[in-house]
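For reference, the structure is listed below as structure tokens.
What follows is the structure in structure tokens.
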């Protein structure tokens with residue numbers, strides 16, 4: 135991806151106005167996605183700002199349609215290239231079909247395990263980034279499968295199974311606390 | 038695992054992304070598969086936890102300001118050359134104005150948008166209910182062209198009395214009625230014929246004030262909805278939109 139210049143190229147005033155009306159209102163969505171992908175608010179601020187500048191520069195290529203999906207696509211791509219450059223390895227997405235759940239997880243046990251914001255947030259952060267993003271887009275951002283497909287470039291027919299695997303992993307992460315967590319609770 | 042359905046179906050169902058036919062199939066499957074019922078309950082509970090936990094994190098004010106000021110140089114030529122201090126003041130005023138405008142438009146737009154989305158979501162359910170009714174044996178529970186047979190049939194089955202009229206003379210013969218479920222509540226469904234088409238009219242009590250009809254189309258089906266005398270009405274059909282307008286006028290007479 136090209137380097138972002140210090141100052142954005144000037145759009146003409148009408149285009150700037152359109153950008154302000156269509157894209158800026160989705161700043162919260164952009165930040166929220168970056169925050170959950172990068173697992174850190176400070177990094178998320180930097181990367182969101184970079185993504186907004188990128189969006190501004192490429193706004194000429196936006197020909198109407200869903201501005202939020204268009205912006206979020208830029209945000210997630212900026213996040214992934216940032217992670218490649220700056221990060222310790224992330225957990226890998228397991229693409230084997232069956233992630234078995236222990237049969238003992240009842241809806242009640244799950245409700246108890248997930249009844250705590252910190253615990254849910256930690257569990258979400260242990261998932262591979264590609265699972266985190268579909269969950270954040272679906273559950274926090276309320277995106278349709280079509281929008282998720284447009285943002286992440288996952289084929290639309292695969293969004294449902296990606297979500298299915300992401301939710302199963304989240305369930306496992308919630309009900310099997312890591313060794314570290316188990317130690318803390320002792 | 039005894040269940041033959043792919044596990045992913047639960048997610049499509051949970052997310053409202055199955056088409057009407059597959060959703061109805063899945064609902065029938067649920068009736069005989071306790072395993073899928075439990076799995077669905079788990080997923081629903083996980084979803085509501087995720088939503089209750091307020092995990093959404095909004096952009097900090099600091100970031101908003103940084104973004105706005107980094108975009109500012111391109112915001113068009115500044116019409117006059119101001120002393121540096123005035124420019125700074127103008128810049129802050131501009132930021133404040135944009136923030137206020139964003140806040141105001143958010144406040145003004147979203148309640149309205151919410152309503153519109155509610156209506157679209159309800160329209161999707163109405164169209165689904167209409168499609169379900171067209172499956173063999175689902176259209177009517179009481180088959181009669183006589184309003185005096187259909188109306189008493191609803192007695193004791195509903196906690197309200199839907200207005201039942203026959204409009205055969207106006208080209209909309211009453212064919213029957215049935216109970217249906219829309220948005221989690223039991224509603225009355227009246228079935229009218231229109232040439233070779235069927236029109237479903239869903240009726241339930243509602244505390245909203247009387248409202249003029251509004252209409253739309255989804256998946257090739259027209260719908261029209263209005264509110265009168267404490268009842269919400271939704272009519273849906275694959276017949277022409279003008280037919281629905283006509284039926285609406287007859288029902289509101």
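Residue numbers (my numbering), protein chains in the order written: chain A, 135 to 320; chain B, 38 to 290. We treat Cβ as the ideally placed atom computed from N, Cα and C, and that holds for glycine.
Cut-off 8 Å between Cβ atoms - residues of its own chain near residue i, not counting five sequence neighbours on either side
{"i": "residue 282 of chain B", "result": "250, 252, 261"}
{"i": "residue 268 of chain A", "result": "282, 286, 288, 293, 296, 297, 300"}
{"i": "residue 162 of chain B", "result": "219, 220"}
{"i": "residue 44 of chain B", "result": "76"}
Proximal residues of chain B, C-beta to C-beta of residue i below 7 Å
{"i": "residue 211 of chain A", "result": "Correct list: empty, because the minimum Cβ distance to chain B is about 18 Å."}
{"i": "residue 186 of chain A", "result": "104"}
{"i": "residue 255 of chain A", "result": "92"}
Chain-order list of residues whose beta-carbon lies under 7 Å from that of residue i (same chain, five-residue window excluded)
{"i": "residue 181 of chain A", "result": "168, 172, 212, 213, 216"}
{"i": "residue 203 of chain A", "result": "281, 284, 285"}
{"i": "residue 153 of chain A", "result": "145, 190, 193"}
{"i": "residue 234 of chain B", "result": "274, 275, 276"}
{"i": "residue 178 of chain A", "result": "165, 168, 169, 172"}
{"i": "residue 290 of chain A", "result": "279, 280, 283"}
{"i": "residue 201 of chain A", "result": "156, 157, 160"}
Chain B contact for residue i (CB, 9 Å cutoff)
{"i": "residue 326 of chain A", "result": "Because chain A here runs from 135 to 320, residue 326 of chain A falls outside it and cannot be looked at."}
{"i": "residue 286 of chain A", "result": "no"}
{"i": "residue 264 of chain A", "result": "no"}
{"i": "residue 295 of chain A", "result": "yes"}
{"i": "residue 174 of chain A", "result": "no"}
{"i": "residue 177 of chain A", "result": "no"}
{"i": "residue 310 of chain A", "result": "no"}
{"i": "residue 304 of chain A", "result": "yes"}
{"i": "residue 260 of chain A", "result": "no"}
{"i": "residue 278 of chain A", "result": "yes"}
{"i": "residue 154 of chain A", "result": "yes"}
Cutoff 9 Å: residue i Cβ touching any chain A Cβ
{"i": "residue 108 of chain B", "result": "yes"}
{"i": "residue 54 of chain B", "result": "yes"}
{"i": "residue 159 of chain B", "result": "no"}
{"i": "residue 262 of chain B", "result": "no"}
{"i": "residue 58 of chain B", "result": "no"}
{"i": "residue 135 of chain B", "result": "yes"}
{"i": "residue 75 of chain B", "result": "yes"}
{"i": "residue 111 of chain B", "result": "Annotation note: pLDDT 47 at residue 111 of chain B (below 50); position unreliable, coordinate value reported separately. Residue 111 of chain B counts as touching chain A."}
Residues of its chain near residue i, where Cβ-Cβ distance is below 6 Å and the 5 sequence neighbours each way are ignored
{"i": "residue 307 of chain A", "result": "257, 260"}
{"i": "residue 270 of chain B", "result": "240, 263"}
{"i": "residue 170 of chain A", "result": "266, 270"}
{"i": "residue 151 of chain A", "result": "none"}
{"i": "residue 328 of chain A", "result": "Not covered by the structure: residue 328 of chain A. The range shown for chain A is 135 to 320."}
{"i": "residue 165 of chain B", "result": "57"}
{"i": "residue 193 of chain B", "result": "none"}
{"i": "residue 230 of chain B", "result": "210, 212"}
{"i": "residue 177 of chain B", "result": "213, 215, 228"}
{"i": "residue 278 of chain B", "result": "259"}
{"i": "residue 148 of chain A", "result": "none"}
Interface partners of residue i on chain B, CB under 8 Å
{"i": "residue 126 of chain A", "result": "Absent from the model: residue 126 of chain A. The displayed extent of chain A is 135 to 320, so no value can be given."}
{"i": "residue 169 of chain A", "result": "94"}
{"i": "residue 272 of chain A", "result": "52"}
{"i": "residue 251 of chain A", "result": "90, 91, 92"}
Per-residue contacts from residue i into chain A (C-beta, under 7 Å)
{"i": "residue 44 of chain B", "result": "298"}
Where residue i meets chain A, residues with beta-carbon distance less than 8 Å
{"i": "residue 139 of chain B", "result": "158, 159"}
9 Å Cβ cut-off: residues of chain B touching residue i
{"i": "residue 166 of chain A", "result": "92, 93, 94, 95, 96"}
Contact residues within the segment 84-104 of chain B, judged by C-beta distance below 9 Å to chain A: 84, 85, 86, 87, 88, 89, 90, 91, 92, 93, 94, 95, 96, 97, 99, 100, 101, 103, 104
Pairs of beta-carbons, one from the segment 184-197 of chain A and one from the segment 272-279 of chain A, closer than 8 Å: are there three or more? The segment 184-197 of chain A makes no contact with the segment 272-279 of chain A, as fewer than three CB pairs between them are under 8 Å.
Three or more beta-carbon pairs under 8 Å between the segment 87-105 of chain B and the segment 52-64 of chain B, yes or no? no
For the segment 178-190 of chain B against the segment 75-87 of chain B, are there 3 or more C-beta pairs whose distance is under 8 Å? no
By the 8 Å beta-carbon criterion, what residues does the segment 193-218 of chain A contribute toward chain B? Listed by position along the chain: nothing, the set is empty.
At a cut of 8 Å, does the segment 191-201 of chain B reach the segment 224-238 of chain B through at least three beta carbon pairs? yes
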